[in-house]
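Notes to accompany the following structure.
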């Protein structure tokens with residue numbers, strides 16, 4: 557089985573109506589995320605009323621692929637929902653089905669998601685790609701990738717521009733920065749790497765993603 561994802565397929569239009577699902581029922585389609593972004597989003601959630609939070613979540617439903625065995629893979633929103641889980645462990649989220657996977661085999665379903673380019677199979681240390689069936693099965697089990705946190709910070713500062721048409725944009729930037737000689741840093745302490753990372757990204761930003 558090939559470990560590299562296939563060419564990226566655009567998400568199809570949602571099928572049917574929105575539905576609510578407990579956060580703990582969602583399965584990730586990537587190994588890692590940046591905990592700096594998760595913490596920032598969690599702080600934002602804590603400042604909102606429950607009613608405001610619910611309206612916000614309903615306006616941004618989670619695109620999911622559903623198997624006939626009832627498994628739900630989230631195709632996006634990993635940082636947002638991991639943050640929500642930290643704030644409200646028993647919380648629910650609004651979902652929209654973008655793909656119904658035929659067959660109950662977990663491996664078969666993951667291979668189809670991988671064929672569509674919807675899986676990110678590197679871990680928090682940049683190792684991989686791993687086999688799709690090794691993906692974590694819960695948001696809580698996802699690894700921290702400090703370079704993904706660093707990219708989030710640079711994006712917040714406007715040094716990395718959003719490119720919605722580019723899948724896994726932040727991870728591509730993170731992989732490039734990982735190959736540079738940056739000082740030691742962590743998702744909890746980004747400052748040691750920020751000065752050099754800003755210079756590197758400015759030198760590269762004009763040519764787009766690495």
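In my numbering, the protein residues as written are 557 to 766.
All C-beta atoms, glycine included, are put in the ideal place defined by N, C-alpha and C.
Residue j beta carbon less than 8 Å from that of residue i
i, j, result
"residue 649", "residue 613", "yes"
"residue 643", "residue 602", "yes"
"residue 684", "residue 731", "no"
"residue 505", "residue 679", "Outside the modelled stretch of the chain, which goes from 557 to 766, sits residue 505, for which no answer is possible."
Of the residues the options, the one placed nearest residue i, counting alpha carbons only
i, options, result
"residue 759", "715, 734, 727", "715"
"residue 577", "594, 700, 723, 653", "653"
"residue 724", "689, 587, 572", "587"
"residue 745", "704, 625, 599, 573", "704"
"residue 706", "741, 640, 567", "741"
Contacts around residue i, its chain only, beta-carbon distance under 7 Å, and the 5 residues preceding and following it disregarded
i, result
"residue 580", "694"
"residue 622", "628, 653, 656, 657"
Rounded straight-line distance, which links the Cα of residue j to that of residue i
i, j, result
"residue 634", "residue 582", "10 Å"
"residue 754", "residue 710", "7 Å"
"residue 661", "residue 673", "19 Å"
"residue 574", "residue 615", "10 Å"
"residue 691", "residue 584", "7 Å"
"residue 734", "residue 756", "11 Å"
"residue 626", "residue 620", "11 Å"
Own chain partners of residue i with C-beta closer than 6 Å, once the 5 adjacent residues on each side are dropped
i, result
"residue 557", "In this prediction, residue 557 has a pLDDT of 31, which is less than 50 and means its spatial position is unreliable; what the coordinates show is noted afterwards. Excluding positions up to five away in sequence, the list is empty."
Own chain residues within Cβ distance below 8 Å of residue i, not counting five before or after
i, result
"residue 637", "579, 582, 618, 630, 649, 695"
"residue 689", "662, 663, 666"
Delimiting residues of the beta strand (DSSP E) encompassing residue i
i, result
"residue 620", "618-623"
"residue 650", "648-657"
"residue 572", "571-578"
Where the alpha helix (DSSP H) through residue i begins and ends
i, result
"residue 702", "702-712"
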